[in-house]
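Take a look at the structure below.
Numbering (the working numbering), first residue to last: 57 to 127.
Printed below as a string of C-alpha cells:
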C-alpha cells in the first residue's frame, strides 16, 4: 500500500528543519499562522515521496506517515 504524509500544523513552530531536509522540496513555510502564532509548514503532495526525512528531523512531531487510502 502506498504511503502519504499527514501534518498536524498546530504543532509546528516554524523551525525549518523539515524544509531544509526534504530531498524533493515538497515542504515550505507558508503564510498562514497556527493558533500558537507560528507560520506553519505546508506540503506540496505532488512532490512528496513519503521518505520520512521530515518525520525524522521534526522536534515537534508535526509529521506522520500513513497509508494512502486513495490508491
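Cβ coordinates follow ideal geometry from the N, Cα and C atoms, glycine included.
### Task
Could you please give the first and the last residue of the uninterrupted beta strand (DSSP E) stretch that includes residue 98?
95–99
### Query
If you check the beta carbons only, do residue 68 and residue 96 fall under 7 Å apart?
yes
### Task
Report yes if the CB atom of residue 82 is closer than 7 Å to the CB atom of residue 122, and no otherwise.
no
### Query
Going by the beta-carbon positions, is the gap between residue 102 and residue 58 smaller than 7 Å?
no
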